[in-house]
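Asks: Before we start, here is the structure in question, set down as structure tokens.
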């Protein structure tokens with residue numbers, strides 16, 4: 001059944017989206033604060049679930065480009081709606097609802113800005129189930145739904161991509177030669193098409209995660225999170241490692257924040273060490289004598305003292321962290337999508353495996 005988002009839900013969704021971003025996805029607080037400044041206490045956003053949609057025309061909208069520059073150049077909140085209007089003018093078809101392309105990070109909130117501005121419903125689902133750095137790493141892209149036309153909006157300039165050459169221009173020059181970020185609308189689809197390719201329930205999941213992270217001790221938060229994920233499209237949440245961050249190496253490469261860090265084991269992991277690798281998102285972890293975990297698994301760091309998610313830009317030497325691993329939705333382990341989101345897609349060596357094959361977690365009572 002459908003549900004309603006109120007102003008009180010926005011901080012929960014923001015926090016849950018940061019959790020699912022696996023260290024990337026941009027600073028959700030930026031859009032959260034924007035939301036809280038423009039949303040009235042009486043405003044409501046209607047959320048439709050997969051079982052409720054059939055004939056609606058649904059359009060995904062997302063922010064693309066540098067999340068760092070996005071955070072530095074505060075948006076007004078109107079840019080996503082302007083991009084949708086550009087798409088509607090090109091397709092000569094008005095949207096009946098919007099949906100997130102990427103539930104991890106700020107793109108969980110971008111469709112909500114449109115829903116608020118246009119009084120449109122938002123669909124409870126997305127195309128990644130986490131954050132990934134490229135549009136091609138989505139269920140929408142790997143379906144029979146055409147990405148064309150694609151409407152792009154950056155620095156008050158617009159571009160319509162109607163073919164592959166223009167598509168590449170959007171991402172190789174148009175976005176990055178202006179503000180360094182922009183918004184896109186594409187993959188218009190019917191409700192029946194959407195529910196066959198989207199990852200359902202991920203928007204409500206962000207809200208539930210956010211609520212779980214704001215109450216109780218770290219133990220209680222973990223117990224709540226494990227309960228939430230046990231009733232989801234994801235696999236079992238596990239504690240994969242506990243330790244203090246040591247040496248960090250970070251650099252920019254092809255517009256991505258790339259690097260690795262060493263983690264010295266603590267508590268029941270005091271006899272081991274781990275190496276964590278990232279490209280915008282945490283992508284792989286190798287634990288001495290224990291195994292490894294890698295994308296498309298979700299690798300999530302929590303601050304040991306607060307239980308709050310830690311982003312790639314947050315990590316610092318001496319930080320005490322819990323490393324969680326969660327198998328992604330089963331669709332990402334199919335041959336077609338695994339080629340695009342698995343370790344090889346990021347240049348990660350073959351000896352890194354998804355959770356089910358490599359790194360396992362300890363039961364709740366044993367991680368201390």
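Numbering (UniProt numbering), first residue to last: 1 to 368.
Glycine included, each C-beta is placed from N, C-alpha and C at the ideal position.
1. How big is the Cα-Cα spacing for residue 113 and residue 93?
2. Kindly identify the DSSP beta-bridge partner or partners of residue 287.
3. Taking the straight line between their C-alpha atoms, what separation do you get for residue 358 and residue 39?
4. For the alpha helix (DSSP H) containing residue 207, list its first residue and its last residue.
5. Between the Cα of residue 133 and the Cα atoms of 280, 345 and 62, which residue gives the shortest distance?
6. Can you give the beta carbon distance from residue 50 to residue 189, rounded, assuming they're within the 8 Å contact cut?
7. Output yes or no for whether 8 Å exceeds the beta carbon distance between residue 304 and residue 323.
8. Look up residue 303 in the DSSP assignment and give the residues it is bridged to.
9. Once the 5 residues before and after residue 158 are set aside, which same chain residues still bring their CB inside 6 Å of it?
10. Is the beta carbon of residue 137 sitting closer than 8 Å to the one on residue 106?
11. Report all residues from its chain with a CB closer than 6 Å to the CB of residue 224; omit the five preceding and five following residues, and keep chain order.
12. Let me check understanding here. Comparing Cα to Cα, which of 335, 253 and 329 lies closest to residue 103?
13. On the premise that residue 187 lies in contact with residue 11, defined as a C-beta separation below 8 Å, what is that separation, rounded to the nearest angstrom?
14. Measuring only the C-alpha atoms, how far is residue 282 from residue 96?
15. Taking Cβ to Cβ, would you say residue 153 is nearer than 8 Å to residue 16?
16. Can you tell me which of the three DSSP states residue 101 falls into?
17. Counting along the chain, where does the beta strand (DSSP E) carrying residue 262 start and finish?
18. Among residues of its own chain, excluding the 5 on either side of residue 307, which ones have a beta-carbon nearer than 7 Å to its beta-carbon?
19. Are the beta-carbon atoms belonging to residue 117 and residue 89 less than 8 Å from one another?
20. According to the Cβ coordinates, are residue 129 and residue 312 closer than 8 Å?
21. Which residues in the same chain have their Cβ closer than 6 Å to the Cβ of residue 171, if we skip the five residues on either side of it in sequence?
22. Compute the Euclidean distance between the alpha carbons of residue 375 and residue 343, then round it to the nearest angstrom.
23. Considering only the alpha carbon of each residue, which of 332, 266, 346 and 333 lies closest to residue 259?
Replies: According to the structure shown:
1. 20 Å
2. Looking at the DSSP output, residue 287 sits in a beta bridge with 274 and 291.
3. Its pLDDT being 46, under 50, residue 358 is placed unreliably by the model, and the measurement read from it follows with that caveat. Each residue's alpha carbon lies about 45 Å from the other.
4. Counting along the chain, the unbroken alpha helix (DSSP H) around residue 207 starts and ends at 202-213.
5. 280
6. Actually they are not in contact, since the Cβ atoms of residue 50 and residue 189 sit about 13 Å apart, beyond 8 Å.
7. no
8. Paired residues: 321.
9. 86
10. no
11. 212
12. 329
13. Incorrect: roughly 29 Å between the Cβ atoms, too far for contact.
14. 35 Å
15. no
16. coil
17. 256-265
18. 213, 218 and 221
19. no
20. no
21. none
22. Only positions 1 to 368 of the chain appear in this structure, which leaves residue 375 out of reach.
23. 346
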